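Participant: Take this structure first; my questions come after.
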Amino acid sequence: MLKITSPKEMAKIDAFYSNEVGIDGQILMENASFGVVNAISNIEKVNLCTAKILIVCGVGNNGGDGLCVQRLLKMRGTDSIAIIIGSESSLSRSVDRNLSINRKLGLDVTVIDDDKALCTFFEKNSFELIIDAIFGTGLNRIVDGIYKTAVELINEQSAYRLAIDIASGIDGDTGRTLGCCVNADETVAIQFIKRGHLLFPGREYTGKLDVAPICPQSGIADSDFAERMLEHGDIAKLLPQRKQNSNKGSYGKVLIIAGAKGMGGAALMCARSAYAVGCGLVKVICHRDTVQYFSTLPEAMISAFDELDEALDAVKKGIEWANTVAIGPGLGTDCSAIAKLLQTVLSSRKTAVIDADALNALSVNRKLLSLLHPNAILTPHPAEMSRICGCDTAQILNSPLYIAQSFSAINRCTLLLKGATSIIASHDGGITYNTSGNSGLSKGGSGDTLTGIIASLAAQGLNPYDSASLGAYLLGLSCESATKALGERLVSNSMLEHFLNKQE
Numbered sequence: 202m203l204k205i206t207s208p209k210e211m212a213k214i215d216a217f218y219s220n221e222v223g224i225d226g227q228i229l230m231e232n233a234s235f236g237v238v239n240a241i242s243n244i245e246k247v248n249l250c251t252a253k254i255l256i257v258c259g260v261g262n263n264g265g266d267g268l269c270v271q272r273l274l275k276m277r278g279t280d281s282i283a284i285i286i287g288s289e290s291s292l293s294r295s296v297d298r299n300l301s302i303n304r305k306l307g308l309d310v311t312v313i314d315d316d317k318a319l320c321t322f323f324e325k326n327s328f329e330l331i332i333d334a335i336f337g338t339g340l341n342r343i344v345d346g347i348y349k350t351a352v353e354l355i356n357e358q359s360a361y362r363l364a365i366d367i368a369s370g371i372d373g374d375t376g377r378t379l380g381c382c383v384n385a386d387e388t389v390a391i392q393f394i395k396r397g398h399l400l401f402p403g404r405e406y407t408g409k410l411d412v413a414p415i416c417p418q419s420g421i422a423d424s425d426f427a428e429r430m431l432e433h434g435d436i437a438k439l440l441p442q443r444k445q446n447s448n449k450g451s452y453g454k455v456l457i458i459a460g461a462k463g464m465g466g467a468a469l470m471c472a473r474s475a476y477a478v479g480c481g482l483v484k485v486i487c488h489r490d491t492v493q494y495f496s497t498l499p500e501a502m503i504s505a506f507d508e509l510d511e512a513l514d515a516v517k518k519g520i521e522w523a524n525t526v527a528i529g530p531g532l533g534t535d536c537s538a539i540a541k542l543l544q545t546v547l548s549s550r551k552t553a554v555i556d557a558d559a560l561n562a563l564s565v566n567r568k569l570l571s572l573l574h575p576n577a578i579l580t581p582h583p584a585e586m587s588r589i590c591g592c593d594t595a596q597i598l599n600s601p602l603y604i605a606q607s608f609s610a611i612n613r614c615t616l617l618l619k620g621a622t623s624i625i626a627s628h629d630g631g632i633t634y635n636t637s638g639n640s641g642l643s644k645g646g647s648g649d650t651l652t653g654i655i656a657s658l659a660a661q662g663l664n665p666y667d668s669a670s671l672g673a674y675l676l677g678l679s680c681e682s683a684t685k686a687l688g689e690r691l692v693s694n695s696m697l698e699h700f701l702n703k704q705e
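Going by our numbering, the first residue of the sequence shown is number 202, and it counts up by one from there.
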């Protein structure tokens, strides 16, 4: 499980290493640079024996990292050119110290504080690898002046671009671009991944993401981190154990309220994925005309209605039977009838996954927000979230982390805000970022499949937050597996279910 930090939290961690552990800042910088050089040595497109390498440094600590990298490259027999952007009088202590060391060692370092001189330098030279060490994760102002010129010149080069800690110009806290930013092919995060690496548009400019450790993490408790990202090894840790001496009742019962007339596919995909992830029993309440879809899933129990208003009694009985309820996929546009069913589901206080048309009913009947509780899991995409919050979709896309954190805390629920980077927010402050998957999920049915996965995990005993986090990860991982076999355009939801069964 990867720990994710904000720039402020990383500054506290650096201070802890220096002040409490007693590690000199120069040693931490050297350790970071070892990780960067190791990443450089693994770049397939760059031959370190012959490549012309440029390290572009700023006047702050990120620039000090760059100068350390220059020195370590030389120790491995690789020459490089380093330039420092800014005046020599404004160098931080770390940059000044490392500049002095590198000059005494005879390394090629030049300080450039003039736009014209910087442009001339790039006109006269070409490079195969450019290492960006201008700004770190603490940048919180618009990139302008000579620094804007440097970023633009770096991006114009055909060289492979590697950023130290974060691509210069990305806000490490929000992922926003601060006027302009380096378009990195690869980024080596120092010690921990930062929010800005994962949130868009920063993720677009991060490229391949590596992590360079600077110190053992044993001195920092896991409880100090509220934000995380799952890895493949976490699947086995989170998935409920299967026992030899068990039966269908041992792995949970899922009730799915979905599938209005003409939309039976949504209910079927939800049910199939619930079974694929391992729950014992699935009962579906759907329109009578959609029952035919379930001829391919005979193990599912079906309760049919002719009109949604008539389904209330079946829903009440189903809730009593189930461990977990999923409501919304393909349920139609009768928000009034859906709201009555949703009110019944939420009032039961059972774990409930609320998706699609149930989310739309919630946005129309906002009084239902007061019924949300810690066992409720909402799975909106940005447009659905904008309707629930009563704001523009652009606002959701601009501040997804803040929106997710605020909503889950105020309404005491788990929120999975879907996107290329999905954000799962727990009511008690936990945040999971999910980046698994690809554009193969950009088709109808992916959300229905996700709802079934989450409901199944919850029915098997996972808490709502872990169910949503692992569910998002498994869906994305299955898509990646399917993509290898089919390509992104050919991925189908039935193939996702096939690869879900193969995950360990």
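For each residue, glycine too, the CB sits at the ideal point set by N, CA and C.
This one's a predicted model, so the numbers in the text were calculated from it and none came from an experiment.
#1: Using only alpha-carbon positions, find the residue among Ile604, Ala660, Glu681, Leu617 that is nearest to Leu642.
#2: Rounding to the nearest angstrom, what Cα-Cα distance links Ala437 and Asn341 in this structure?
#3: Between the Cα of Asp215 and the Cα atoms of Tyr603, Thr534, Phe393, which residue gives the shortest distance?
#4: Please check the pair Ala233 and Ile457, which I expect to be a contact at CB under 8 angstroms, by giving their CB distance rounded to whole angstroms.
#5: For Ile589 versus Ser549, is the C-beta distance shorter than 8 angstroms?
#6: Taking the C-alpha atoms as reference points, what is the distance between Ala318 and Asp280?
#7: So is Arg277 buried or exposed if we call it buried at 16+ other beta carbons inside 10 Å?
#8: With a threshold of 8 angstroms on Cβ separation, who are the neighbours of Ile520 within its own chain once the five nearest residues in sequence on each side are excluded?
#9: What does Ser623 pair with, by DSSP beta-bridge criteria?
#10: Can you give me the C-alpha to C-alpha distance between Thr251 and Leu439, rounded to a whole angstrom?
#11: Taking the runs of the alpha helix (DSSP H) that are 4 residues or longer, which of them lie wholly in the region 203 to 280?
#12: Within the chosen definition, does the region 371 to 381 reach the region 258 to 276 through at least 3 CB pairs nearer than 8 angstroms?
#13: Report yes if the CB atom of Lys454 is closer than 8 angstroms to the CB atom of Ala523, and no otherwise.
#14: Return the bridge partner residues of Glu428 from the DSSP annotation.
#15: Ignore the nearest five residues each way along the sequence and tell me which others in Asn262's own chain have a CB closer than 7 angstroms to its CB.
#16: Going residue by residue through the region 400 to 466, where are the continuous alpha helix (DSSP H) segments of at least 4 residues, counting only ones entirely within it?
#17: Within the present structure, is the beta-carbon of Lys462 separated from the nearest heavy atom of the ligand SAH by less than 7 angstroms?
#18: For the alpha helix (DSSP H) containing Ala538, name the first residue and the last one.
#19: Between which two residues does the beta strand (DSSP E) carrying Phe179 extend?
#20: Along the chain, where does the alpha helix (DSSP H) containing Ala557 start, and where does it finish?
#21: Do you know offhand how far Cys382's Cα is from Thr636's?
#22: If we call anything under 8 angstroms between Cβ atoms a contact, is Leu573 one with Cys536?
#23: Quick check on His628: buried or exposed, where buried means 16 or more other Cβ atoms within 10 Å of its Cβ?
#24: Take the Cβ of His398 as the centre, count every other Cβ of all protein chains shown within 10 Å, and call the residue buried at 16 or more, exposed below.
#25: Look up Thr338 in the DSSP assignment and say whether it is helix, strand or coil.
#26: Rounded to a whole number of angstroms, what is the C-alpha to C-alpha distance between Arg690 and Phe700?
#27: Check whether the Cβ atoms of Ala683 and Leu697 sit closer than 8 angstroms, and answer yes or no.
#28: Taking just the CA atoms, how far does Ala505 sit from Glu210?
#29: Would you check if the region 307 to 316 and the region 230 to 248 touch, i.e. whether three or more CB-CB distances between them fall below 8 angstroms?
#30: Report buried or exposed for Ala626, applying the criterion of at least 16 other Cβ atoms within 10 angstroms of its Cβ.
#31: Output yes or no for whether 8 angstroms exceeds the beta carbon distance between Ala368 and Thr321.
#32: How would you call Thr497, buried or exposed, if buried means at least 16 neighbouring beta carbons within 10 angstroms?
#33: Can you say whether Tyr348 is buried or exposed, counting buried as having 16 or more other CB atoms within 10 angstroms of its CB?
#34: Restricting to runs no shorter than 3 residues, where is the beta strand (DSSP E) found entirely within the region 562 to 591?
#35: Taking the alpha-carbon positions, what's the Leu728 to Ala351 distance?
#36: Nearest to Leu255 by CA position, among Ala360, Thr580, Gln418, Asp556, is which residue?
Facilitator: Taking the structure as given:
#1: When only C-alpha atoms are compared, the closest one is Glu681.
#2: Computed Cα separation, rounded: 39 angstroms.
#3: The shortest Cα separation from Asp215 among Tyr603, Thr534, Phe393 belongs to Phe393.
#4: At roughly 49 angstroms, the Cβ-Cβ gap does not stay under 8 angstroms, so Ala233 and Ile457 are not in contact.
#5: A distance of 8 angstroms or more separates the beta carbons of Ile589 and Ser549.
#6: Approximately 22 angstroms, taken between the alpha carbons.
#7: Flag for Arg277 reads exposed.
#8: Answer for Ile520: Leu456, Val526, Thr545, Val546, Ser549, Lys551, listed in chain order.
#9: Residue pairing for Ser623: DSSP places it in a beta bridge opposite Asn635.
#10: Whole-angstrom Cα-Cα distance: 47 angstroms.
#11: Fully contained in the region 203 to 280 are the following alpha helix (DSSP H) runs of length 4 or more, in chain order: 208 to 216, 226 to 242, 262 to 276.
#12: Touching, no, given that fewer than three Cβ pairs across the two stretches are closer than 8 angstroms.
#13: Taking 8 angstroms as the cut-off, the beta carbon of Lys454 is found closer than this to the beta carbon of Ala523.
#14: Checking the DSSP bridge columns, you'll see Glu428 partnered with Ile205, Ile632.
#15: Correct list, in chain order: Ser293, Ser295, Gly337.
#16: Listed in chain order, they are 403 to 407, 434 to 439.
#17: The model depicted lacks the ligand SAH and carries no ligand whatsoever.
#18: Unbroken alpha helix (DSSP H) run through Ala538: 536 to 548.
#19: Outside the shown range of the chain (202 to 705) lies residue 179, about which nothing can therefore be said.
#20: Start and end: 557 to 565.
#21: If you draw a straight line from the Cα of Cys382 to the Cα of Thr636, it is about 21 angstroms long.
#22: By the CB criterion at 8 angstroms, Leu573 and Cys536 fall outside the cutoff.
#23: Classification of His628: buried, given that the 10 Å Cβ count is 16 or more.
#24: The residue is buried, with at least 16 neighbouring Cβ atoms inside 10 Å.
#25: In the three-state reduction of the DSSP assignment, Thr338 falls in the coil class, being assigned neither a helical nor a strand state.
#26: Confidence at Arg690 is low in this model, with a pLDDT of 49, below 50, so the placement of that residue is unreliable and no value is reported for it.
#27: Ala683 places its beta carbon less than 8 angstroms from that of Leu697.
#28: If you draw a straight line from the Cα of Glu210 to the Cα of Ala505, it is about 53 angstroms long.
#29: Segment contact: the region 230 to 248 against the region 307 to 316, fewer than three CB-CB distances shorter than 8 angstroms; contact not assigned.
#30: Here Ala626 is buried. Its C-beta has 16 or more other C-beta atoms within 10 Å.
#31: Against a cut-off of 8 angstroms, the Cβ pair of Thr321 and Ala368 comes out as no contact.
#32: Answer is exposed; the Cβ neighbour count stays below 16.
#33: Taking a 10 Å sphere around the C-beta of Tyr348, we find 16 or more other C-beta atoms and assign the residue as buried.
#34: Correct list: 577 to 579.
#35: Since the first residue shown for the chain is 202 and the last is 705, residue 728 is missing from the structure and cannot be characterised.
#36: Of Ala360, Thr580, Gln418, Asp556, the residue nearest in Cα terms is Ala360.
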